[in-house]
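*Asks:*
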Ligand code: A3P
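Residue numbers (the working numbering): 7 to 307.
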């Protein structure tokens, strides 16, 4: 994590989760935004027409600790903060933490923190939806993301990024440590463990599982509408889920590096992995075999 994570670590570790919170927990680039839009929509009684930014509706718990303090946050978030906290300075208090605190229940909270950095009692209180994605596509997706966001503004090519990734030096890693903690808890009654590739393969099947787990009691017809509303093309076309242009305008994203909602497929890694990179990746997976052997990732559809 960036060094200023230390300022917030205890706040996250002691965070007061509520019984009706649903926490979406992921390693970055594993389908967080997709899961957020699905679950928030289901829990909002199918509000398909909201224009509110997804991060306002479904707060990103620890983003203050990842933020580059020199960048301007999205205007919509600042306005929302000021409306909810008159007289307070968003940069002093922790803008994203305050948004999480003030989000009306039932909250659908996003976090990239693994179980070990959150309260040990989390599952006694709240439900967690853990979403995992095969590490090759995660690595490709993260590479593009880190080039896009000014927070990091990664300058290297994919081979260089993969080198950091497989040395476990990327922010919010190591990948296997994160996913291993989620996998270990997959049978807990308050955990639903989903794979991105399964959501791609059969969205309705995964929506039904979510409907049961979250307790939203939506009909088949409503679930079909949610699936349509959260399809890749639909989410790419809306600024509330794909705020690329707005983020470029406030200087948070770099122009010419593609979009936040990018390609949305399983198996894009074949376009990036040379035999040398494949070998390096294999060695990394082998080093983590105590975790990697257990998790049945799908690398293509
Ligand atoms: P790609 O970069 O491979 O396209 P996260 O939300 O955790 O950052 O994950 C981002 C990844 O999820 C990106 O993958 C993004 O395109 C993909 N994604 C976002 N919305 C999606 C959707 N509705 N269907 C499928 N993939 C989606």
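Cβ atoms here follow ideal geometry from the backbone N, Cα and C, with glycine treated the same way.
Can you tell me whether residue 186 is buried or exposed, with buried defined as 16 or more other CB within 10 angstroms of its CB?
*Replies:* Buried, because 16 or more other Cβ atoms sit within 10 Å of the Cβ of residue 186.
*Asks:* Check this for me: beta carbons of residue 134 and residue 31, under 8 Å apart or not?
*Replies:* Yes, these two residues count as a Cβ contact at 8 Å.
*Asks:* Below 6 Å CB to CB, which residues in the same chain sit around residue 120 once its five sequence neighbours on both sides are set aside?
*Replies:* Closer than 6 Å at Cβ, skipping near neighbours: 184, 187.
*Asks:* Verify the CB distance criterion: does residue 242 have a CB-CB separation below 8 Å to chain D?
*Replies:* This model lacks chain D altogether; it includes just one protein chain.
*Asks:* So, under 8 Å CB-CB, residue 17 and residue 64 are touching, yes? Tell me the CB distance rounded to an integer number of Å.
*Replies:* No, residue 17 and residue 64 are not in contact; Cβ-Cβ is about 19 Å, not under 8 Å.
*Asks:* Return the CA-CA distance between residue 172 and residue 261, expressed in angstroms with no decimal places.
*Replies:* Taking the straight line joining both Cα atoms gives about 27 Å.
*Asks:* With the cut-off set at 8 Å, would you say residue 242 and residue 265 are in Cβ contact?
*Replies:* Yes, Cβ-Cβ distance for residue 242 and residue 265 is below 8 Å.
*Asks:* May I ask you to check if the CB of residue 39 is nearer than 7 Å to at least one heavy atom of the ligand HEM?
*Replies:* In terms of ligand content, the structure shown lacks the ligand HEM and carries the ligand A3P instead.
*Asks:* Does DSSP put residue 89 in a helix, a strand or coil?
*Replies:* Helix, per DSSP.
*Asks:* Tell me the rounded alpha-carbon separation between residue 140 and residue 305.
*Replies:* About 6 Å.
*Asks:* State yes or no: is the C-beta of residue 275 within less than 8 Å of the C-beta of residue 143?
*Replies:* Yes, the pair counts as a contact, with Cβ atoms nearer than the cut-off.
*Asks:* Taking the CB atoms as reference points, tell me whether residue 90 and residue 246 lie closer together than 8 Å.
*Replies:* Their beta carbons are not under 8 Å apart, which means residue 90 does not touch residue 246 by this criterion.
*Asks:* Roughly how many angstroms separate the alpha carbons of residue 9 and residue 182, rounded to a whole number?
*Replies:* Distance between the alpha carbons of residue 9 and residue 182: 22 Å.
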